[in-house]
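Protein chains in written order, with my numbering: chain H, 1 to 233; chain Y, 1 to 507.
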Amino acid sequence: MTETMQHVVLIEDEKMIRRYVAMALTASGFKVWESETAEQGLLETASRRPDLIILDLGLPDRDGVDVIREIRLWCEIPILVLSVRTEEVQKVAALDAGADDYLTKPFGVPELQARIRAVLRRKSRQEGEGDIEEGIFEFGDIQVDMIHRRVKRGEQLIHLTPIEYQILTLLVANVGRVLTHRFILQKVWGPDYVDRPHYLRVFMAGLRRKIEENSSNPKHLMTEIGIGYRLVR
Amino acid sequence: MNVPRFSVLLTVRDEFLVVLWVGVVTLCLLPLRNHLLVANILMIYLFLVFLIALKRGRKLSVLATIFSLLAFFYFFLPPHSSFEIIDLQYLLTLSFMLLIALITSHLTSGLRTQVYLAENRERHIRSLYDLASELTGIVDSGQIVPPCRRFIRDNFDEEAMMLVPNETGSLQPLPSPVSTPILLSRAQELFEHEPITWQELISGRRDGCLYLPLRGNDRNQGILVLISNHDANPLSPEQESLLKTCITFVGLVLERLGYAARAQQASVQIESERLRNALLSSLSHDIRTPVAAMAGMADAMQLSPPPLPAHHQTMLEGMRHQIDLMLSDVDKLLDMARLHRDIVTLNKEWQVLEEVVGAALKTSMDVLTGYEVRITMGNDIPLLEMDAMMMERVFCNLLENATRHTPIGSCIEIDAKIVDRHVVIQVADNGPGFPPGQEEAIFAKFVHGNTAGTSGVGLGLSIVRAVILAHGGTILAENRNAGGARFEIKLPMGDPPSVTLDTEELS
């Protein structure tokens, strides 16, 4: 835990969920500001300037995706979205609108804590407290050398194609965070390819075969069905 | 030129009347024959002929001319009371008189015909207009009958019945006060078969009934039956064209009603689908929210200081486990409810099979603890068009099923290969296998395998089958020769899109 207490604005209309998330966050050492509606949440966000916003997508007064867009107009505070299993389209829309990550209800407290840690760590990395030392990023037994554009397993060089390397570095830059198909396609192939997710799938399959020990049961290049991909260290 | 029903007026009685008129005029003129000039007498006869031509038409006026001439010859031309002609000039006079009578009668009767036709046409147009204005506003096929009956009665002096198809396509009469026995088989035959020519239709009267198909734009909409009360006369061309217009119009009205009914049905279907989805999502929300809160609170309790006593800790873990099981069952019920309808809306995209299997393994991580999973998947498996979320459920359910019926430490194998333009995926375990004869029954809803005391609602495999069928694939279950259960999924390969690969190496 950091020395100064970190603040979280929690926007969730279900009282039961709000209560246990607040309990879990308080137990982890956060100061929690609870909001029942989107309007109240936006006010809290503006006045408290929190380190993190946790936002339920199914709010009664406003569309969650709209709320994200509005927050993103004036600040970059990390947003963690809460949603249910059947709302994949909404989750993707929320992520594309600027949310940092999502959690599918029901989720356990350990999951919640891990997700919050990943989101906050990424933020501190962006602010210069990075963990990519001297341009080298490691996960599992894989080393990605950003300066020499080399990927190695132990001492052995892994031969990647330019596009595979581009996808990998994009995932590395956002480690722990889910990236939507649309986002990756746009960054790697350009805006003309955003409607061709099968391109990404084929290249990801290639990348998994080279990086993962067992490409059918990956440990690092994780698939989030219907959403996108996530690099897990 | 043809005047409808004009011949009816030309009865023997009319001809007798003409002769009578000539006789009366002759009788009136007889006492004056010594005082009037022959030419004036001739003029009076000519006038009579003209009047008859005007009132009674050509045939009678010719008849009147002949009788007038005979009377004139006999009674008024000298020598009186004989047909003898003393001056040949009279023959010329008589010839002119005949000519004038004929021309006059021809002209006047032509005029009469024109007037008659114009009146008739106006009447037809008015009754068609009435029919049209009555039929445009109707919303139900039953409302067609009264205006149609009135139209047929006014213009054809016949009764009318209408037959329309029911849901199964067999004709039913629309409610009508007429109850004449009609040949349903004849009507059905006309309704179902290719259109025959108008001439065949119009001459095909059976037992006084005329069957006419009501054609819409693309197919027959029903049958109109004309029922004659008396010996039916053949229809005149005007009546035929009127009848044609009428049945085309009624056919189009029926077609419009059909489209309107279908549009309404579709909107009802959309509405009920929307309601069902709203119900499912609210059900899902209402069940999951409190359960999710319970799970979360159990977690939070474990984490909050001070630490719980050991037996409370165990109870809490058991609670957490039961909550997870319940959530998984709720998910299955909702999946099944979503798949229940014949029409499953799939979100199909070209997917990498290995990726979907990988995601399922990650989701099932907890249940797979202690099991060995072996995956053999060639690099040649093409992209498959499928709903990844649904297929992930398929693999999760198959994996869960395997763990449920095999002891911890067992091995689950998944492999995929191409066989005959299909991708064949096998999920097999080395457990006890299916009870003999149960290979098909396990896919039914709410059925558990042989293992007594297994938890769950028994929907997993029915969901698996519903999803595979919705993808145009097949699934079968059998026991392996080496022992254990084996599921075989067969999915069509389809026509995957091409992907341009970059083969060069990173420099």
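Note that CB positions come from ideal geometry on N, CA and C, so glycine has one too. These numbers were taken from a predicted model, which means no experiment stands behind them.
Practice task
Assign H:W74 to one of two classes, buried (16 or more other C-beta atoms within 10 Å of its C-beta) or exposed (fewer than that).
Solution key: exposed
Exercise for the section: Out of Y:E372, Y:E194, Y:L333, Y:A132, point me to the one whose CA is closest to Y:V250's CA. Expected result: Y:A132
Exercise for the section: Give me the Cα-Cα distance between Y:K417 and Y:V424, rounded to the nearest whole angstrom. Expected result: 5 angstroms
Handout entry: Backbone secondary structure at H:H7 - three-state DSSP
Key = strand
Handout entry: Three-pair Cβ contact test at 8 angstroms for the region 134 to 150 of chain Y versus the region 202 to 210 of chain Y
Key = no
Problem - Partner residues on chain H for Y:L327, Cβ-Cβ distance less than 9 angstroms - result: P106
Handout entry: Range of the contiguous alpha helix (DSSP H) that encloses Y:L60
Key = 58 to 71
Problem - Beta bridge counterpart(s) of H:T223 as assigned by DSSP - result: H:Y229
Handout entry: Limits of the unbroken alpha helix (DSSP H) element including H:T26
Key = 15 to 27
Practice task
Could you tell me whether the region 399 to 416 of chain Y touches the region 429 to 439 of chain Y, where touching means 3 or more Cβ pairs closer than 8 angstroms?
Solution key: yes
Practice task
Mind listing the chain Y neighbours of H:M204? Cutoff is C-beta to C-beta under 8 angstroms, in chain order.
Solution key: V352, E355
Exercise for the section: Note down the Cα distance separating H:V89 from H:I225, rounded to an integer number of angstroms. Expected result: 11 angstroms
Handout entry: Y:W350 to Y:M326 span [Cα, whole Å]
Key = 33 angstroms
Problem - Simplified DSSP state of Y:W350, which is helix, strand or coil - result: strand
Exercise for the section: Please state whether DSSP places Y:R215 in a helix, a strand or coil. Expected result: strand
Exercise for the section: Rounded to whole angstroms, what's the CA-CA distance from Y:D495 to Y:G473? Just pull it up for me. Expected result: 15 angstroms
Problem - Distance, Y:A71 Cα to Y:T65 Cα - result: 10 angstroms
Practice task
Report the three-state DSSP secondary structure of Y:G484 (helix, strand or coil).
Solution key: coil
Practice task
Starting from the N-terminal side, write out each stretch of the alpha helix (DSSP H) that is 4 residues or longer and does not extend beyond the region 66 to 153 of chain Y.
Solution key: 89 to 136
Problem - Helix, strand or coil at H:N217 [DSSP, three-state] - result: coil
Problem - Stretch-stretch touch, CB-based, cutoff 8 angstroms, three pairs: the region 94 to 110 of chain Y with the region 122 to 130 of chain Y - result: no
Exercise for the section: Please list the residues of the region 289 to 300 of chain Y that have a C-beta atom closer than 7 angstroms to any C-beta atom in chain H, keeping them in chain order. Expected result: T289, P290, V291, A292, A293, A295, G296, M297, D299, A300
Practice task
State yes or no: is the beta carbon of H:S215 nearer than 8 angstroms to at least one beta carbon in chain Y?
Solution key: yes
Exercise for the section: Output yes if chain H places a C-beta closer than 8 angstroms to the C-beta of Y:E287; else output no. Expected result: The question names Glu, but residue 287 of chain Y is Ile in the sequence shown. Not closer than 8 angstroms to any Cβ of chain H, the Cβ of Y:I287 fails to qualify, so no.
Problem - Partner residues on chain H for Y:P497, Cβ-Cβ distance less than 7 angstroms - result: H198
Exercise for the section: Please list, in chain order, all residues of the same chain as H:H7 whose beta carbon is under 6 angstroms from its beta carbon, the five residues on each side excluded. Expected result: K31, R48, P50, D51
Problem - Proximal residues, the region 86 to 97 of chain H versus chain Y, C-beta separation under 9 angstroms - result: T86, E87, E88, V89
Practice task
Decide if the region 134 to 146 of chain Y is in contact with the region 87 to 101 of chain Y; the criterion is three or more beta carbon pairs, one per stretch, under 8 angstroms apart.
Solution key: no
Problem - Alpha carbon of Y:L242 to alpha carbon of Y:Q172, nearest angstrom - result: 25 angstroms
Exercise for the section: For Y:L362, decide whether its Cβ has a neighbour in chain H, counting only Cβ atoms nearer than 8 angstroms. Expected result: According to the sequence displayed, residue 362 of chain Y carries Lys and not Leu. So, interface residue.
Exercise for the section: With Y:L476 as the anchor, note down where its beta strand (DSSP E) starts and where it stops. Expected result: 474 to 479
Problem - Segment limits, beta strand (DSSP E) that includes H:E138 - result: 136 to 139
Practice task
Specify the secondary structure class of Y:Q421 as computed by DSSP and reduced to three states.
Solution key: In the sequence as presented, Gln is not what sits at residue 421 of chain Y; that position holds Arg. If DSSP states are grouped into helix, strand and coil, Y:R421 belongs with coil.
Practice task
Please list the partners that H:G226 has in chain Y, where partner means a Cβ-to-Cβ separation under 7 angstroms.
Solution key: A388, M389
Handout entry: Sufficient close CB pairs (3 or more, under 8 angstroms) joining the region 217 to 231 of chain Y to the region 250 to 262 of chain Y
Key = yes
Exercise for the section: Starting from H:P162, follow the alpha helix (DSSP H) in both directions and report where the run begins and ends. Expected result: 162 to 173
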